[in-house]
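**Student:**
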Amino acid sequence: MGFALTTMSLSSSAFEHGARIPKEHTGEGRDVSPQLTWNDVPDGTQSFAIVCHDPDAPLLTPDAYGYVHWVLYGIPGSARELPEDCSDYTQGRNDFGNPGYGGPMPPPGHGVHRYYFWVFALNANLELPAGMSMLELFKTIEPAVIGMNRLVGTYTRD
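Converting from the sequence shown to my numbering requires adding 11 to each position, the first position being numbered 1.
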């Protein structure tokens, strides 16, 4: 399939698509992941993965661009939401060098950044090790992706 948007949807009770992410979900607040809900899941879904990525971060290397805030996988195909401050399932490595969620924290005065929360529906239950980076995860799951979509939030530091 490759990575192409499908009719699957992703939303949050914390913020609307295109709106500002509340401070409690950022590095300036409680730094907890927002609640997420997904619908219109493709038939044959066995598991899910979630990624949060900031393409506006001023980082560009041969291996990455932007900044990765969350990599989560091993979510069962029966799941349709994650609670706020979710620590369940298999945690990958964010660009802070930690497992789990690390909220938005753009450089002061750098303007508005967009944060893409992605959900991927997979047609397999992949046995993946903890601590994978976003790019490692993408390389591994690409053949199994049968649905995906995103929710975009924004944040800026004053």
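C-beta atoms are modelled at their ideal positions from N, C-alpha and C, and glycine is treated no differently.
Predicted, not measured: the structure shown is a model, and the values here were computed from it.
With respect to the beta strand (DSSP E) encompassing F59, which residues constitute its N-terminal and C-terminal limits?
**Tutor:** Its beta strand (DSSP E) spans residues S58 to D65.
**Student:** Exposed or buried, which one is A68 when buried takes at least 16 other CB atoms within 10 Å?
**Tutor:** buried
**Student:** For M12, collect the residues of the same chain with a Cβ closer than 7 angstroms to its Cβ; drop the 5 residues on either side in sequence, then sort them by chain order.
**Tutor:** A caution first: M12 carries a pLDDT of 42, below 50, which makes its placement in the model unreliable, though a value can still be read off. Taken in chain order, the residues that qualify are V156 and I157.
**Student:** Tell me the start and end of each unbroken beta strand (DSSP E) in the stretch 103-163 that is at least 3 residues and wholly inside, in chain order.
**Tutor:** 124-133
**Student:** Could you pull the start and end residues of the beta strand (DSSP E) that S20 belongs to?
**Tutor:** Membership of S20 in the beta strand (DSSP E) is indicated by the continuous run S20 to S22.
**Student:** Assign E35 to one of three DSSP states: helix, strand, or coil.
**Tutor:** When secondary structure is reduced to three states using DSSP, E35 falls in the helix class.
**Student:** Apart from the five residues just before and just after V163, which ones in its own chain have a Cβ nearer than 8 angstroms to its Cβ?
**Tutor:** Counting only Cβ-Cβ distances below 8 angstroms, and skipping sequence neighbours, we find H28, G29, R125, Y126, Y127 and F128.
**Student:** With 16 other CB atoms within 10 Å as the buried threshold, where does D106 fall?
**Tutor:** buried
**Student:** Of all the options P140, H80, M145 and R91, which has the alpha carbon lying nearest to the alpha carbon of D42?
**Tutor:** It is H80 whose Cα lies nearest to the Cα of D42.
**Student:** With a threshold of 7 angstroms on Cβ separation, who are the neighbours of L139 within its own chain once the five nearest residues in sequence on each side are excluded?
**Tutor:** The answer, listed in chain order, is Y84, G85, T101 and T151.
**Student:** Do the CB positions of P87 and S58 come within less than 8 angstroms of each other?
**Tutor:** yes
**Student:** Among residues of its own chain, excluding the 5 on either side of F26, which ones have a beta-carbon nearer than 6 angstroms to its beta-carbon?
**Tutor:** I32 and G164
**Student:** For E92, which of helix, strand or coil comes out of DSSP?
**Tutor:** E92 sits in a strand when the DSSP states are folded into three classes.
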